[in-house]
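To start, the structure itself, in structure tokens.
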Amino acid sequence: SDHMENIYGYLMKYTNLVTGWQYRFFVLNNDAGLLEYFVNEQSRHLKPRGTLQLAGAVISPSDEDSHTFTVNAASGEQYKLRATDAKERQHWVSRLQICTQHHTEAIGKNNPPLKSRSFSLASQGSANSPGVQRRPSQNAVSFFSVGHHRLPTGKRVPIMQPDHLVDVREMMSQAEGQQRDLIRSIECLPVSGHLTSLDQDLLMLKATSMATMNCLNDCFHILQLQHASQQKGSLPAGTTISWLEPKISLANHFKNGAAQNFPAEINKPASVREEQSIAEPCQLTREPEEINPDEELEDICDDKEDDLGAVEEQRSVILHLLSQLKLGMDLTRVVLPTFILEKRSLLEMYADFMSHPDLFIAITNGTTPEERMIRFVEYYLTSFHEGRKGAIAKKPYNPIIGETFHCSWRMLKSDIATDAGGNFSAHPPSEQVTLSKDLEGQTELDYYTVKFVAEQVSHHPPVSGFYAECVERKMCVNAHVWTKSKFLGMSIGVTMVGEGLLSLLEHGEEYTFSLPCAYARSILTVPWVELGGKVNINCAKTGYSASINFHTKPFYGGKLHRVTGEVKQNTTNTVVCRVQGEWNSVLEFTYSNGETKYVDLTKLSVTRKRVRPLEKQGPFESRRLWQHVTESLRDGDIDKATEHKRALEERQRNEERLRAETETPWCTKYFLKEGDGWVYHKPLWKTVSAAQTQQTDTN
């Protein structure tokens with residue numbers, strides 16, 4: 001090809017979070033199909049600092065900016081590179097793609113399919129290695145031999161009887177043993193020579209055999225469901241098959257030479273057995289529980305999600321997962337790997353959006369409808385920054401149905417702004433961490449309390465309800481959110497379907513609002529979060545509304561995390577406030593009187609939430625429910641975290657099957673279904689109205 005010339009030049013290469021980006025001299029060797037790099041051009045005659053085989057590689061322009069791209073080798077190694085401009089990036093990407101395609105096709109032509117190759121693994125491995133005592137003529141394929149039986153033509157398939165299921169289970173156990181022998185045999189091979197443990201066909205055989213066993217396990221599960229529901233003649237409604245949740249540890253399969261661990265049920269930790277044996281939630285008390293704020297203590301957890309180590313180590317697992325997804329695929333029922341999880345539940349993430357309770361309470365202090373709408377917009381835009389735990393995009397735990405989260409905040413009354421322009425405080429970072437010293441010695445009359453409760457009210461679709469109130473200021477917010485996630489190629493998009501309602505009872509005003517979409521970008525490199533979409537805030541009584549746009553970054557140029565918006569009076573169509581800036585950095589508010597105010601979100605004071613200790617929490621409160629997963633993630637034990645997570649998810653599936661078989665509806669604890677939404681069972685607008693009615697009757 002005319003385009004197969006060797007090219008070379010300087011590119012920036014991302015090393016790690018500590019070292020960051022460094023200039024390196026890169027050479028594309030088309031003849032050998034290699035991408036090599038050196039410290040500088042002068043050291044080009046020396047041994048390369050790094051080399052990537054391009055056959056089977058994936059070259060991907062990044063959606064992070066117009067200069068960055070990644071080279072993902074078939075071995076799992078990856079280079080994240082950055083050119084000086086978009087034109088130079090396109091030049092490198094196109095040449096790399098041409099070279100990659102050429103050498104990938106060459107491998108396909110020069111290598112026959114695996115079935116025509118005869119390998120003698122016994123002669124390659126150690127004589128006393130388990131699973132390698134095979135006949136010399138036996139090839140790799142025959143290591144995993146499954147008989148194919150053809151059914152007699154025209155005969156009806158008999159109904160599977162219980163004893164037949166036992167026979168199937170026994171046969172599958174034998175197949176799993178053979179599959180383990182296969183894996184051990186491959187991994188006992190040397191790392192160099194004619195046939196190695198890194199042979200591409202053998203790696204493919206490992207992955208395929210693992211996927212086959214996972215599929216067989218899923219099929220066996222379907223047979224069990226079918227047998228259990230024969231009386232009804234169909235599978236239970238809402239049955240979920242976790243096709244992507246590996247029954248065999250993916251991590252171990254991608255680590256050649258690692259010892260395989262297949263624990264028996266009796267070897268499971270006590271905490272896992274406890275998670276699996278918790279009673280059906282509806283058999284526990286589903287009566288609403290009144291949480292005493294005095295039992296709550298200031299939260300000391302500070303789990304920042306800036307550690308990329310696990311993600312980089314498990315990149316091969318991510319590639320395996322991505323290979324099973326299709327563009328636009330709904331990820332609601334897809335079980336994602338544990339190492340990409342944050343150390344908190346989605347319900348707690350919603351609570352963290354309330355980390356500026358002083359700004360929340362200050363909304364009702366506005367003296368005019370215009371000022372109250374502007375204050376609500378200011379509070380709304382400051383909530384997303386603190387809702388994120390670090391710059392790395394990780395996913396909160398998917399709440400299980402019936403899961404709840406409770407917390408509260410206390411704010412000194414003297415810290416709540418009452419004047420028109422004073423509802424932002426910018427304490428230095430040293431003063432952001434806690435307010436407990438300020439509250440020492442204060443009585444209940446000296447501070448406001450904001451209470452928060454969230455509940456997972458539905459599993460399919462996944463819907464969360466949350467509610468917060470400040471009784472002293474007669475204000476509350478109620479919302480329900482249905483999270484719909486889709487696979488977008490190199491990104492994952494999450495649509496927040498639902499609506500929120502802020503009630504200012506002192507003024508008789510209600511504000512409806514929605515939430516933006518969220519995107520996890522660059523999921524193969526350094527994943528980061530971006531918000532996008534248009535949201536609206538409306539107050540029907542006053543006629544004021546706000547339109548806010550969260551802008552996603554364009555492919556070429558543009559800024560990250562940009563947001564713009566305006567507040568207007570609908571009757572006169574007059575704009576009374578404009579806002580622009582970044583939702584995680586600095587916001588600029590311009591008012592109709594010509595004044596401008598800048599808000600640095602990184603310097604806003606943060607009030608720590610107050611949470612009950614684990615020993616006082618119920619079994620379905622988020623932190624107690626997920627405590628073993630969280631502890632394992634903090635310890636860096638991904639396999640143990642996965643085991644605890646799987647136990648919780650399996651218990652939820654079993655409970656769902658039981659409810660379907662017994663036709664038992666799910667009963668929520670704190671939220672009631674009203675139309676298409678969910679409303680807190682005892683909202684402040686009902687209790688205040690009842691109290692006023694009772695007072696009127698007394699008078």
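Numbering-wise, the numbering used here puts 250 at position 250 of the sequence shown, and it's gapless, one number per residue.
Every residue gets a Cβ at the ideal spot worked out from N, C-alpha and C, and that includes glycine.
In the three-state reduction of the DSSP assignment, Trp583 falls in the coil class, being assigned neither a helical nor a strand state.
The beta carbon of Glu348 sits closer than 7 Å to the beta carbons of Phe405 and Ser622 from its chain, once the five residues preceding and following it are set aside; these are given in chain order. One alpha carbon belongs to Gln22, the other to Met12, and they sit about 5 Å apart. Where Ile492 is concerned, the enclosing beta strand (DSSP E) starts and stops at Ile492 to Leu504. By alpha-carbon distance to Asn6, the top candidate from Asn72, Ile98 and Asp299 is Ile98.
The three-state secondary structure of Glu650, taken from DSSP, is helix. When the Cα atoms are used, Cys219 and Gln174 turn out to be separated by approximately 16 Å. Here the C-alpha atom of Met411 lies approximately 12 Å from the C-alpha atom of Arg473. Excluding sequence positions up to five before and after Phe353, its CB lies within less than 8 Å of the CB of Ser383, Phe384, Glu386 and Gly387, all in the same chain and listed in chain order. Per DSSP, the continuous beta strand (DSSP E) segment holding Leu35 begins and ends at Leu34 to Phe38. The segment 350 to 364 makes no contact with the segment 639 to 652; the number of CB pairs closer than 8 Å stays below 3. Here the alpha carbon of Gly677 sits roughly 15 Å from the alpha carbon of Leu515. Distance between Pro619 and Arg344, taken at the CA atoms: about 16 Å. If you ignore the 5 residues before and after His356, its C-beta comes within less than 8 Å of the C-beta of Tyr379, Thr382, Ser383, Glu386, Leu604, Ser605, Val606 and Thr607, all in its own chain and listed in chain order. In the DSSP assignment, Arg82 is bridged to Met12 and Thr68. Distances from the alpha-carbon of Thr15 to those of Gly50, Glu631 and His103 put Gly50 closest. Distance from the CA of Leu502 to the CA of Gly20, rounded to the nearest whole angstrom, comes to 43 Å. Per DSSP, reduced to three states, the secondary structure at Arg49 is coil, with no helix or strand assignment.
Beta-bridge partners assigned by DSSP to Ile548: Val535 and Gly565. The DSSP-derived three-state label of Arg410 is strand. Restricted to the segment 582 to 615, not a single alpha helix (DSSP H) segment is unbroken, complete and at least 4 residues in length. When DSSP states are grouped into helix, strand and coil, Glu674 belongs to the strand group. Taking C-beta separations shorter than 8 Å and ignoring five residues to either side along the sequence, the partners of Glu509 in its chain run Pro369, Arg372, Ser503, Cys539, Lys541 and Thr542, following chain order.
One Cα belongs to Lys394, the other to Tyr519, and the distance between them is close to 11 Å. Counting only residues of its own chain and dropping the five nearest sequence neighbours on each side, Trp482 has a CB closer than 7 Å to the CB of Pro461, Pro462, Val463, Val497 and Gly498.
The residue among Ser414, Gln617 and Tyr37 with its C-alpha nearest the C-alpha of Leu46 is Tyr37. When secondary structure is reduced to three states using DSSP, Ala106 falls in the helix class. Here Val579 is not near Asp600, since their CB atoms are 8 Å or more apart. Shown here, Ser43 sits in a helix according to DSSP, grouped into three states. Nearest C-alpha to Asn536 among Ser491, His102 and Ile548: Ile548. For Phe466, the uninterrupted beta strand (DSSP E) segment begins and ends at Val463 to Cys470.
Residue range Gln627 to Arg634 is occupied by the alpha helix (DSSP H) that includes Val629.
Within the same chain, Val450, Lys451, Met475, Cys476, Val477, Pro683 and Leu684 come within 8 Å of Glu469 by CB-CB distance, once the 5 residues on both sides are set aside.
For a cut-off of 8 Å, the C-beta gap from Phe671 to Gly465 is around 4 Å, short enough to register as a contact. Only exposed fits His194, as fewer than 16 other CB atoms lie within 10 angstroms of its CB. Put simply, the backbone Cα of Pro190 is about 14 Å away from that of Leu203.
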